[in-house]
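Enquirer: Take this structure first; my questions come after.
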Amino acid sequence: MASKSGTLTWTQPPGPTCSQHLFSLTTRIDPCSFIISGDTKFFLFMNMHAEFKWVSHKMTPKAWVLATEEYSQHLKKKQGQGMITKNPQVLLQKLCDMEPKLMER
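In this note's numbering, the protein residues as written are 102 to 206.
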């Protein structure tokens with residue numbers, strides 16, 4: 102699409118980026134499974150963190166898988182069938198991001 106100055110401009114269409122689409126095609130993993138975004142997902146994560154006392158250094162890989170399954174089940178109840186099952190790495194990363202902030206309080 103050309104602008105008034107004669108240069109071409111590109112606007113990103115809604116949906117996944119080109120690299121996310123390529124990742125999805127090559128791995129068959131939805132890139133959204135690696136993201137906790139939005140209030141519903143974030144507050145569900147924080148509530149479950151408090152309820153189940155998730156602490157990154159005390160959890161085994163199996164515990165992360167079980168926690169992720171539990172999180173995905175709770176999320177499915179809140180959002181319905183269209184939600185994307187999360188990858189255990191996303192819970193670990195979110196917890197590692199939040200723990201220092203929680204310790205400062």
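A virtual CB, placed ideally from N, CA and C, is assigned to each residue, including glycine. A quick note: this is a predicted structure, and the numbers were derived from the prediction, not measured.
Could you tell me if ILE137 is buried or exposed, where buried requires 16 or more neighbouring beta carbons within 10 angstroms of its beta carbon?
Expert: So ILE137 counts as buried.
Enquirer: Start and end of the alpha helix (DSSP H) containing VAL156?
Expert: From DSSP, VAL156 is part of no alpha helix (DSSP H); its letter is neither H nor E.
Enquirer: Check whether the Cβ of SER157 lies closer than 8 Å to any Cβ atom in chain D.
Expert: Among the chains of the structure shown, chain D does not appear; only one protein chain is present.
Enquirer: Going straight from the alpha carbon of TRP165 to that of GLU205, what length do you get?
Expert: Going from the Cα of TRP165 to the Cα of GLU205 covers about 24 Å.
Enquirer: Over the uninterrupted alpha helix (DSSP H) stretch that includes ASP198, give me the two end residues.
Expert: Its alpha helix (DSSP H) spans residues 189-205.
Enquirer: Could you pull out every residue in the same chain whose Cβ sits closer than 6 Å to the Cβ of GLN180, ignoring the five residues on either side in sequence?
Expert: If we look at GLN180 and ignore the five residues flanking it on each side, it has no Cβ neighbours.
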